[in-house]
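Trainee:
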Amino acid sequence: MASVACVSLLSEAEFGCEHIATQITQEGGAGDQFKTSFIKTHNALAPHTKGALTAQNGVHTTGFLKPKYMCLGCSEVFTNGDRKTHAEKTGHRFYMESRSRTLFCQTCGDFVYDCGLERLRSSTPESTLELAQKRRFSDSSTDELYVRSNANKRTCAKQGVRGLFNLGQTCYLNVILQTLLHDPILNTYFLGNGHQSHECSAPDCVGCAVAEAFADFNSSDKAEGFAALNLLLASWRASPTLAGYQQQDAHEYYQFLVDKLHSSTDGHNENHAKGCPCFFHKTFYGKLRSSVTCDKCGNVTRTEDPMVDLSLDVQVQAKKRAMGGVGPSATPTLSGCLESFTSPEKLNAGVYNCSGCGGSAQKATKQLRIKKLPAILCMQLKRYEHTFSVSEKLEGRIDFPLSINMLPYTTNPHTRGDKSRYVYDLSSAVVHKGKLDAGHYYVYCRQGEEWILFNDDQVTSVPESEVLSADAYLLFYNLRSLAAAPSQ
Amino acid sequence: MGESNGTEQQESSFPSGTIAKLTCDILNNTFYNIIHDIVSKVHRDEKMARMRSAVTIARQKAEDEAARRREETGAKPTALKPGEDFEELKDIHVETDGAVFDEGKVFLKGNPLQTTKEIICPDCRLPRLLYPVTGVGARPPPDPYREYCQKQPMISKPGHDVHGNPFATDKLNPKKKKQTNTSNTPASSPPTTPDSSFKQAAPEKVSFPTVKCPNCPRYFVVTRVAQHLDRCLGLSGRQVNRNKTPMENGTSTPSSAPAKRPLDEDTPSTLPKKKKLGAPKKLSGKKPPPAPSSKLKNGVTPDMAAAADAAAAGDGDIKSETNGDN
Chain A
1 MASVACVSLL
11 SEAEFGCEHI
21 ATQITQEGGA
31 GDQFKTSFIK
41 THNALAPHTK
51 GALTAQNGVH
61 TTGFLKPKYM
71 CLGCSEVFTN
81 GDRKTHAEKT
91 GHRFYMESRS
101 RTLFCQTCGD
111 FVYDCGLERL
121 RSSTPESTLE
131 LAQKRRFSDS
141 STDELYVRSN
151 ANKRTCAKQG
161 VRGLFNLGQT
171 CYLNVILQTL
181 LHDPILNTYF
191 LGNGHQSHEC
201 SAPDCVGCAV
211 AEAFADFNSS
221 DKAEGFAALN
231 LLLASWRASP
241 TLAGYQQQDA
251 HEYYQFLVDK
261 LHSSTDGHNE
271 NHAKGCPCFF
281 HKTFYGKLRS
291 SVTCDKCGNV
301 TRTEDPMVDL
311 SLDVQVQAKK
321 RAMGGVGPSA
331 TPTLSGCLES
341 FTSPEKLNAG
351 VYNCSGCGGS
361 AQKATKQLRI
371 KKLPAILCMQ
381 LKRYEHTFSV
391 SEKLEGRIDF
401 PLSINMLPYT
411 TNPHTRGDKS
421 RYVYDLSSAV
431 VHKGKLDAGH
441 YYVYCRQGEE
451 WILFNDDQVT
461 SVPESEVLSA
471 DAYLLFYNLR
481 SLAAAPSQ
Chain B
1 MGESNGTEQQ
11 ESSFPSGTIA
21 KLTCDILNNT
31 FYNIIHDIVS
41 KVHRDEKMAR
51 MRSAVTIARQ
61 KAEDEAARRR
71 EETGAKPTAL
81 KPGEDFEELK
91 DIHVETDGAV
101 FDEGKVFLKG
111 NPLQTTKEII
121 CPDCRLPRLL
131 YPVTGVGARP
141 PPDPYREYCQ
151 KQPMISKPGH
161 DVHGNPFATD
171 KLNPKKKKQT
181 NTSNTPASSP
191 PTTPDSSFKQ
201 AAPEKVSFPT
211 VKCPNCPRYF
221 VVTRVAQHLD
231 RCLGLSGRQV
241 NRNKTPMENG
251 TSTPSSAPAK
261 RPLDEDTPST
271 LPKKKKLGAP
281 KKLSGKKPPP
291 APSSKLKNGV
301 TPDMAAAADA
311 AAAGDGDIKS
321 ETNGDN
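Chains A and B supply the protein sequences, listed in that same order.
In terms of the UniProt record's numbering, the first sequence has 404 at position 404, counting the first letter as 1, and numbering is strictly consecutive.
In terms of the UniProt record's numbering, the second sequence has 65 at position 65, counting the first letter as 1, and numbering is strictly consecutive.
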């Protein structure tokens with residue numbers, strides 16, 4: 001919740017410092033020129049764009065890895081010490097630091113953070129100043145004053161950091177609901193009255209129950225837990241397999257909830273194959289392309305299916321490790337799982353009938369690739385192995401990163417251009433403790449910069465390292481930049 | 001970290017020790033960068049917070065000024081909602097240590113890291129506490145008589161959540177909770193009053209609340225409500241017997257409700273009143289009343305007789321919130 005723009009324009013200064021103010025408000029287009037050079041420098045210093053920083057002024061001799069400062073006036077690059085002499089010589093006062101791309105004002109002798117300029121950053125590389133100036137955000141504080149006087153204000157108390165009471169074997173529900181409650185996109189939807197509970201006539205509507213939880217989490221400053229009773233009732237009524245006082249799989253519940261939320265929206269299309277314009281479809285559903293190549297004639301059959309999550313096999317990884325394939329000490333990694341998920345797989349003869357070879361059974365190669373990525377990406381690490389005789393749970397750690405680039409696993413892994421459209425950040429990790437048929441779920445959620453452990457109604461703050469060393473079962477990743485979302 | 005630009009383009013005749021020097025340089029620079037990034041993040045967070053504080057203070061002052069002017073001109077002195085007085089703020093010019101308010105806009109003055117000392121919450125305009133009030137890293141608030149913003153640093157304290165409240169416990173085993181409490185504060189106080197050392201008025205023990213079943217008018221401890229709901233909805237016939245609490249496993253005389261009342265022995269006088277407002281229609285046969293033996297044990301007071309009569313007259317299954325922990 002904290003990640004939903006909690007910064008208000010009313011509390012922002014017009015300019016980062018007095019010197020920026022004089023620079024931008026100058027007469028005769030100097031302000032616009034300054035902004036343009038800001039964007040230009042910002043893009044030139046983008047990671048992965050080499051070349052801009054190549055050896056100049058003997059920078060490489062001393063501290064070639066250290067942060068450098070690029071002059072906004074003449075695009076020259078300086079180290080920390082040289083910058084001052086350059087400023088004295090030329091009177092150029094503004095520099096951009098190469099690592100975090102923050103603006104340095106030589107007159108202040110300090111980094112400055114200007115909210116107007118910060119917004120220009122989110123513009124895409126090719127866009128010019130005019131494009132950036134299109135009002136993607138509301139620019140004036142008058143608009144905000146209007147919103148503020150016509151909307152309820154959130155209280156300052158730790159927003160949304162509340163537990164969910166275990167109603168009796170309902171931790172599977174709690175972990176999923178807690179995850180959703182921490183998602184900025186869903187918060188915007190539900191708090192923006194996306195699901196209109198007052199006009200909803202559906203009996204035992206799951207959407208209404210979830211909307212109620214969102215409203216309760218955000219409106220009151222209660223610190224104690226919340227009992228998601230209505231959601232439980234709605235879920236039980238909606239699904240006979242989930243109903244009843246018993247433990248459930250959190251992953252199955254997630255799929256159920258997404259499906260029900262999708263069907264609770266106006267204007268949704270039940271047929272996923274045709275595509276659907278509704279909010280939940282865009283948020284949760286991606287597309288998985290499965291292509292089968294006939295080994296004999298090379299004919300490729302492609303099918304595309306909607307997907308809510310990626311179910312990743314960890315067994316392959318574990319076995320490889322056991323055989324010493326990837327090195328004895330290496331723990332399986334998420335990227336390894338994703339690689340084996342998207343790598344070609346031999347199909348046995350008799351499974352696939354090739355239309356190119358006249359419909360006869362052929363050996364073939366099958367490969368899965370992600371065609372379209374959802375904004376909220378759920379990955380399940382299949383820790384359960386079912387063989388003919390036994391089912392068992394695979395314990396142990398699987399390394400997962402705080403942010404992941406999904407580009408290599410898509411249908412177009414070599415796309416050049418903005419990689420940031422495929423970067424996902426970890427938002428929550430669900431952990432299952434216990435045996436296959438009985439156990440307990442708890443979830444780590446990111447709240448702003450902090451990580452919080454939600455063990456039903458027990459809410460504690462945890463360090464990042466604890467999250468990363470958890471034996472995750474479900475991982476939820478959020479698209480980093482919605483503005484740059486792939487629009488395929 | 002590694003953007004090793006343009007060092008290897010020299011000719012191949014390196015003097016001895018080049019690799020060692022290079023390695024050393026890379027390492028040094030990498031450490032420098034790591035520290036640089038950490039410091040720059042902290043700097044950014046702190047400076048932004050101070051900037052916002054400076055702006056908030058200036059805005060507050062401007063609004064006060066606007067209110068003062070309104071009073072002078074004789075308008076109604078009621079505090080207007082933010083937004084309505086925007087026009088009035090236009091021609092106000094105030095200055096604080098850190099910022100200038102001019103024509104509805106706020107401009108910084110000087111470096112907020114120097115000019116502004118306190119972090120002010122932009123929403124409620126109260127100062128923020130920078131340290132938790134209890135638990136790990138706790139510090140007492142700088143001014144105990146001042147009101148602070150509700151947004152405080154997360155509290156980290158064993159057995160307590162981020163708000164500093166103890167975890168809810170089952171009513172049934174209060175002893176266990178007490179033991180953990182004493183072990184948490186070994187040296188601070190005698191074990192009889194383990195929580196007295198904390199200044200915060202946090203409740204010593206929190207028990208799970210009761211919630212109303214969405215399907216029937218009864219109340220249950222929150223941890224048991226799913227179990228009840230299962231039966232209440234008649235979902236799993238097979239499991240009913242296993243899940244029943246001993247009390248409800250008692251005699252299952254159908255429908256004649258009044259036998260339940262005597263359990264509310266601690267509040268007998270309020271019963272007739274409750275009856276009047278209550279009178280829910282649903283009388284679910286799935287919730288068999290508890291054993292009538294308890295009624296005999298307690299004896300029948302006049303109140304209870306009245307209750308029984310009333311219940312018999314109406315279709316009285318009364319809300320049984322007082323014995324909610326079954």
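Using N, Cα and C, we set each Cβ at its ideal position, and we do this for glycine too.
A quick note: this is a predicted structure, and the numbers were derived from the prediction, not measured.
Measuring CB atoms only, is the region 113-130 of chain B touching the region 16-29 of chain A, in the sense that at least three cross pairs come out at less than 8 Å?
Mentor: Taking 8 Å as the limit for Cβ pairs, the verdict is that the region 16-29 of chain A does not touch the region 113-130 of chain B.
Trainee: Please list, in chain order, all residues of the same chain as residue 223(A) whose beta carbon is under 6 Å from its beta carbon, the five residues on each side excluded.
Mentor: On the first sequence, position 223 is the one that residue 223(A) refers to. Nothing meets the Cβ criterion.
Trainee: Per DSSP, which one or two residues make a beta bridge with residue 479(A)?
Mentor: For this step, residue 479(A) is matched to residue 479 along the first sequence. Answer by DSSP bridge pairing, in chain order: 424(A).
Trainee: What does residue 171(A) touch in chain B if you count any residue whose Cβ is under 9 Å from its own?
Mentor: The residue you call residue 171(A) lines up with position 171 of the first sequence. What residue 171(A) touches in chain B: nothing, since even the nearest Cβ is about 11 Å away.
Trainee: Going by beta carbon distance, what residues of the same chain come within less than 6 Å of residue 152(B), once the five residues before and after it are set aside?
Mentor: In the second sequence, counting from the first residue as 1, residue 152(B) sits at position 152. Answer for residue 152(B): 129, listed in chain order.
Trainee: In the structure shown, what three-state DSSP assignment does residue 76(A) receive?
Mentor: As a first step, residue 76(A) is located in the first sequence; it is residue number 76 there, counting from the start. Three-state result, residue 76(A): coil.
Trainee: On the DSSP bridge assignment, give the partners of residue 399(A) in chain order.
Mentor: Translated into the one-based positions of the first sequence, residue 399(A) becomes position 399. DSSP output for residue 399(A) lists 333(A) as bridge partner(s).
Trainee: Under 8 Å, CB to CB, which of the residues in the region 10-41 of chain A have a partner in chain B?
Mentor: Here the close residues are 10, 11, 12, 13, 14, 15, 16, 17, 18 and 21.
Trainee: Residue 143(B) versus chain A: which residues are under 8 Å apart at the beta carbon?
Mentor: Along the second sequence, read from residue 1 onward, the residue named residue 143(B) stands at position 143. Going along chain A, no residue has its Cβ under 8 Å from residue 143(B), so there is no contact; the nearest lies around 18 Å.
Trainee: Report buried or exposed for residue 478(A), applying the criterion of at least 16 other Cβ atoms within 10 angstroms of its Cβ.
Mentor: On the first sequence, residue 478(A) is found 478 positions in, with the first residue counted as 1. Looking at its Cβ environment, which holds 16 or more other Cβ atoms inside 10 Å, residue 478(A) is buried.
Trainee: What residue range is occupied by the uninterrupted beta strand (DSSP E) comprising residue 365(A)?
Mentor: For the purposes of this step, residue 365(A) is taken as the residue at position 365 of the first sequence. Taken as a continuous stretch (DSSP letters only), the beta strand (DSSP E) holding residue 365(A) covers 360-372.
Trainee: Apply the 10 Å Cβ neighbour rule to residue 31(B) and answer buried if 16 or more other Cβ atoms are within range, or exposed otherwise.
Mentor: For the purposes of this step, residue 31(B) is identified with residue 31 of the second sequence, where counting begins at 1. With fewer than 16 Cβ atoms within 10 Å of its Cβ, residue 31(B) is classed as exposed.
Trainee: So the alpha helix (DSSP H) residue 39(B) belongs to, where does it begin and stop?
Mentor: As a position in the second sequence, residue 39(B) is number 39, starting the count at 1. Run containing residue 39(B): 18-73, per the alpha helix (DSSP H) assignment.
Trainee: Out of curiosity, what's the CA-to-CA distance linking residue 472(A) and residue 117(A)?
Mentor: Here residue 472(A) refers to the residue found at position 472 of the first sequence. Here residue 117(A) refers to the residue found at position 117 of the first sequence. Distance between the alpha carbons of residue 472(A) and residue 117(A): 39 Å.
Trainee: How many whole angstroms separate the CB atoms of residue 468(A) and residue 380(A), which I take to be in contact at a CB cut-off of 8 Å?
Mentor: One-based indexing of the first sequence puts residue 468(A) at position 468. One-based indexing of the first sequence puts residue 380(A) at position 380. The Cβ separation is near 18 Å, so there is no contact.
Trainee: For residue 305(B), which residues in the same chain have their Cβ closer than 8 Å to its Cβ, ignoring the five residues on either side in sequence?
Mentor: For this step, residue 305(B) is matched to residue 305 along the second sequence. Because the pLDDT at residue 305(B) is just 47, under 50, the model does not fix this residue reliably, and the value given afterwards should be weighed accordingly. Excluding residues within five positions, none has a Cβ falling inside 8 Å.
Trainee: Going by the CB atoms, is the gap between residue 177(A) and residue 535(A) shorter than 8 Å?
Mentor: This structure leaves residue 535(A) out entirely; chain A is present only between 1 and 488.
Trainee: So, are the CB atoms of residue 36(B) and residue 344(A) less than 8 Å apart?
Mentor: Position 36 of the second sequence, counted from the first residue, corresponds to residue 36(B). Position 344 of the first sequence, counted from the first residue, corresponds to residue 344(A). No, the Cβ-Cβ distance between residue 36(B) and residue 344(A) is not below 8 Å.
Trainee: In this structure, does DSSP put residue 24(A) in helix, strand or coil?
Mentor: Residue 24(A) sits at position 24 when you count from the first residue of the first sequence. Residue state, collapsed to three classes: helix.
Trainee: In the DSSP assignment, what residue or residues form a beta bridge with residue 345(A)?
Mentor: Taking the first residue of the first sequence as 1, we reach residue 345(A) at position 345. Residue 345(A) pairs with 366(A).
Trainee: Comparing the C-beta of residue 450(A) with each C-beta of chain B, is any distance below 8 Å?
Mentor: Within the first sequence, numbered from 1, the residue matching residue 450(A) stands at position 450. Yes, residue 450(A) lies at the interface with chain B (some Cβ there is under 8 Å from its Cβ).
Trainee: What residue range does the alpha helix (DSSP H) around residue 176(A) cover?
Mentor: Within the first sequence, residue 176(A) is the residue found at index 176, counting from 1. Here the alpha helix (DSSP H) through residue 176(A) covers 171-181.
Trainee: Which whole runs of the beta strand (DSSP E) in the region 89-140 of chain B are 3 residues long or more, in chain order?
Mentor: Here the runs fully enclosed are 93-95, 99-102 and 105-108.
Trainee: What residue from 101(A), 22(A) and 376(A) has the CA that sits closest to residue 46(A)'s CA?
Mentor: As a first step, residue 46(A) is located in the first sequence; it is residue number 46 there, counting from the start. Checked all of 101(A), 22(A) and 376(A); the closest Cα to residue 46(A) is 101(A).
Trainee: Below 8 Å between beta carbons: does that hold for residue 314(A) and residue 398(A)?
Mentor: Taking the first residue of the first sequence as position 1, residue 314(A) is located at position 314. Taking the first residue of the first sequence as position 1, residue 398(A) is located at position 398. Contact flag set, yes.
Trainee: Taking residue 402(A) as the reference, give the member of 391(A), 410(A) and 429(A) with the closest Cα.
Mentor: Taking the first sequence and counting its residues from 1, the one referred to as residue 402(A) is at position 402. Answer by Cα proximity: 429(A).
Trainee: With a threshold of 8 Å on Cβ separation, who are the neighbours of residue 18(B) within its own chain once the five nearest residues in sequence on each side are excluded?
Mentor: Locating residue 18(B) in the second sequence gives position 18, counting from the first residue. Result list for residue 18(B): empty, nothing under 8 Å.
Trainee: Any idea which residues DSSP pairs residue 292(A) with across the strands?
Mentor: Position 292 of the first sequence, counted from the start, is the residue given in the question as residue 292(A). Bridge partners of residue 292(A): 301(A) and 366(A).
Trainee: Taking 8 Å as the cut-off, decide whether the C-beta atoms of residue 369(A) and residue 410(A) are in contact.
Mentor: Here residue 369(A) is taken as the residue at index 369 of the first sequence, counted from 1. Here residue 410(A) is taken as the residue at index 410 of the first sequence, counted from 1. Yes.
Trainee: Report the residue from 220(B), 214(B), 215(B) and 213(B) whose alpha carbon sits nearest the alpha carbon of residue 207(B).
Mentor: Numbered from its first residue, the second sequence carries residue 207(B) at position 207. Measuring from the Cα of residue 207(B), the nearest candidate turns out to be 220(B).
Trainee: Who does residue 446(A) pair with in a DSSP beta bridge?
Mentor: Here residue 446(A) refers to the residue found at position 446 of the first sequence. Beta-bridge pairing links residue 446(A) to 451(A).
Trainee: Among the candidates 74(A), 452(A) and 70(A), whose CA atom is the shortest distance from the CA of residue 99(A)?
Mentor: Residue mapping note: residue 99(A) aligns to position 99 of the first sequence, counting from 1. That would be 70(A), whose Cα lies nearest to the Cα of residue 99(A).
Trainee: Where does residue 285(A) sit, in a helix, a strand or coil, going by DSSP?
Mentor: Within the first sequence, the letter at position 285 stands for residue 285(A). If DSSP states are grouped into helix, strand and coil, residue 285(A) belongs with coil.
Trainee: Taking buried to mean at least 16 other C-beta atoms within 10 Å of its own C-beta, is residue 182(A) buried or exposed?
Mentor: If you number the first sequence from 1, residue 182(A) lands on position 182. Classification of residue 182(A): buried, given that the 10 Å Cβ count is 16 or more.
Trainee: Mind checking if residue 108(B) is an interface residue toward chain A, Cβ cutoff 8 Å exclusive?
Mentor: Within the second sequence, numbered from 1, the residue matching residue 108(B) stands at position 108. Yes, because at least one Cβ of chain A sits closer than 8 Å to the Cβ of residue 108(B).
Trainee: Our contact map puts residue 167(B) next to residue 458(A) with C-beta atoms below 8 Å; I'd like the distance itself, whole angstroms only.
Mentor: The count along the second sequence starts at 1 and reaches residue 167(B) at position 167. The count along the first sequence starts at 1 and reaches residue 458(A) at position 458. Indeed, because the Cβ distance is near 5 Å, the residues count as touching under 8 Å.
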